[in-house]
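The block underneath contains the structure these notes are about, expressed in structure tokens.
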Amino acid sequence: MSADDNKKPFETASATTDPDNSNSGPFAYIITGIALAILLVFGVACSSCASIALTAVASNGSPSGTDTPNSQVFPYGDEDFDFDDFDQWFNQYDFDGDDGNSGNNGNGSPTDNNDSASASVGDILDFEISPFTTSIDSEVSASAYAGTPSEVRDFVRGVISTDNDYTQKVSAALNVAALKEDERADKIKEAIGLCQEASKAIDALQMPSLKADKDGEVADALGTAKTKACERWDQMGRELTLLDTTEQVRTRKLWNYDDDVVDATQEAGDYLEEAMEVAAGL
Numbered sequence: 090m091s092a093d094d095n096k097k098p099f100e101t102a103s104a105t106t107d108p109d110n111s112n113s114g115p116f117a118y119i120i121t122g123i124a125l126a127i128l129l130v131f132g133v134a135c136s137s138c139a140s141i142a143l144t145a146v147a148s149n150g151s152p153s154g155t156d157t158p159n160s161q162v163f164p165y166g167d168e169d170f171d172f173d174d175f176d177q178w179f180n181q182y183d184f185d186g187d188d189g190n191s192g193n194n195g196n197g198s199p200t201d202n203n204d205s206a207s208a209s210v211g212d213i214l215d216f217e218i219s220p221f222t223t224s225i226d227s228e229v230s231a232s233a234y235a236g237t238p239s240e241v242r243d244f245v246r247g248v249i250s251t252d253n254d255y256t257q258k259v260s261a262a263l264n265v266a267a268l269k270e271d272e273r274a275d276k277i278k279e280a281i282g283l284c285q286e287a288s289k290a291i292d293a294l295q296m297p298s299l300k301a302d303k304d305g306e307v308a309d310a311l312g313t314a315k316t317k318a319c320e321r322w323d324q325m326g327r328e329l330t331l332l333d334t335t336e337q338v339r340t341r342k343l344w345n346y347d348d349d350v351v352d353a354t355q356e357a358g359d360y361l362e363e364a365m366e367v368a369a370g371l
């Protein structure tokens with residue numbers, strides 16, 4: 090074996106000792122840069138498509154909308170997607186909801202930008218309206234009862250028990266109205282009557298007397314909570330009165346009334362918790 094033979098590069102399947110291997114020039118770097126640029130563009134495109142898809146799913150995931158029942162699907166397929174058409178569809182909704190979340194009016198229902206938009210009563214009964222979704226009980230945490238004097242605690246439970254009872258009755262009547270068109274009008278009238286009964290039943294509850302409440306702070310909070318609880322049912326009756334028709338219902342008015350129910354429900358719960366907190370500290 091000659092000296093020149095000893096200088097020949099040694100090669101294997103995975104490596105080489107050939108010094109020319111380090112002289113490949115900038116071509117490899119150019120290829121790498123192009124590949125990374127393509128991957129970056131592809132990633133941005135995928136992200137945009139995913140954002141559009143998620144927006145469509147989020148809008149259709151809520152069982153309510155301007156005039157959109159649960160069965161609506163995203164209106165454009167891959168083969169005829171047009172961004173101008175999508176913008177028009179997208180702008181049907183108001184993305185400054187009362188709860189700070191995109192497109193929600195505080196209870197998960199898209200708010201309607203269009204004052205003239207309307208929906209049938211049958212479609213509205215598929216929406217996520219407050220008679221199906223709200224209760225005072227859900228606004229009062231279990232921990233709020235801790236240390237509360239029995240007379241105050243019993244009053245709070247009386248308000249919540251009465252509210253729950255009528256909530257179940259109204260929801261049952263509206264479920265029948267949604268499923269059976271021939272019974273719809275009667276069941277909606279029944280639900281409206283139940284709202285009136287609920288308001289009167291809560292108003293008839295006797296306020297507790299707490300000797301330690303010398304400043305009347307507990308009594309004031311309980312009195313306001315009771316008023317808000319009655320208001321919740323008065324507002325719900327007003328909302329359901331919109332459905333006592335065979336005509337189309339303006340969805341803007343519907344969501345405004347629905348917001349009033351949600352607000353009164355939340356305030357009733359807040360005042361009940363406040364009363365119990367103050368009573369527990371006396």
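Residue numbers (the numbering used here): 90 to 371. We treat Cβ as the ideally placed atom computed from N, Cα and C, and that holds for glycine. Because the structure is a prediction, the values reported are computed rather than measured.
### Task
Output yes or no for whether 7 Å exceeds the beta carbon distance between Pro-297 and Val-367.
At least 7 Å separates the beta-carbon of Pro-297 from that of Val-367.
### Query
By DSSP, does Phe-184 sit in helix, in strand, or in coil?
For Phe-184, the predicted model reports a pLDDT of 37, less than 50, meaning its position is unreliable; a value from the coordinates is still stated below. Phe-184 falls in the coil class under three-state DSSP.
### Query
Taking the alpha helix (DSSP H) that Glu-362 falls in, what are its first and last residues?
Glu-362 -> alpha helix (DSSP H) spans 340–369.
### Task
Assess, as a yes-or-no matter, whether the region 340–349 is touched by the region 306–314 under the definition of 3 or more beta carbon pairs within less than 8 Å.
No: the two stretches stay apart, fewer than three of their Cβ pairs being nearer than 8 Å.
### Query
What do you get for Thr-237, buried or exposed, if any count of 16 or more other CB atoms within 10 angstroms of its CB means buried?
Label assigned to Thr-237: buried.
#### Entry: Meets three-Cβ-pair contact criterion under 8 Å: the region 312–320 and the region 208–215
These segments do not touch.
### Query
Considering Glu-336, what are the terminal residues of the alpha helix (DSSP H) in which it resides?
No residue range can be given for Glu-336, since it is assigned to no alpha helix (DSSP H) and is classified by DSSP as neither H nor E.
### Task
Verify whether the separation of the beta carbon atoms of Glu-279 and Ala-290 is less than 7 Å.
The answer is no: Cβ separation not under 7 Å.
### Task
Could you check which residue in Leu-125, Ala-364 and Ile-127 has the C-alpha nearest to that of Arg-246?
Per the Cα distances, Ala-364.
### Task
Select from Ala-287, Cys-284 and Lys-276 the residue whose C-alpha is nearest the C-alpha of Asp-333.
Closest by alpha carbon: Lys-276.
### Task
Put Ala-267 into one of helix, strand or coil per three-state DSSP.
DSSP places Ala-267 in helix when its eight states are reduced to three.
### Task
Below 8 Å on the Cβ atoms is my guess for Thr-223 versus Val-350; work out the distance and round it to an integer in Å.
The Cβ separation is near 6 Å, so the contact holds.
### Query
DSSP beta-bridge partners for Ala-280?
Note: Ala-280 is not bridge-paired with any residue in the DSSP secondary-structure output.
### Query
Using the rule of at least 16 other Cβ atoms within 10 Å of the residue's Cβ for burial, across every protein chain shown, is Leu-219 buried or exposed?
In the sequence as displayed, the identity of residue 219 is Ser instead of Leu. Flag for Ser-219 reads buried.
#### Entry: Selection from Lys-300, Ser-227 and Gln-285 that minimises the alpha carbon distance to Ala-293
Taking only the C-alpha atoms, the option nearest Ala-293 is Gln-285.
### Query
In or out: Gly-370 buried (at least 16 other Cβ within 10 Å) or exposed?
Per the 10 Å Cβ criterion, exposed.
### Task
Count the other C-beta atoms from every protein chain shown that fall within 10 angstroms of the C-beta of Gln-295, then say buried if there are 16 or more, exposed otherwise.
By the 10 Å Cβ count, Gln-295 comes out exposed.
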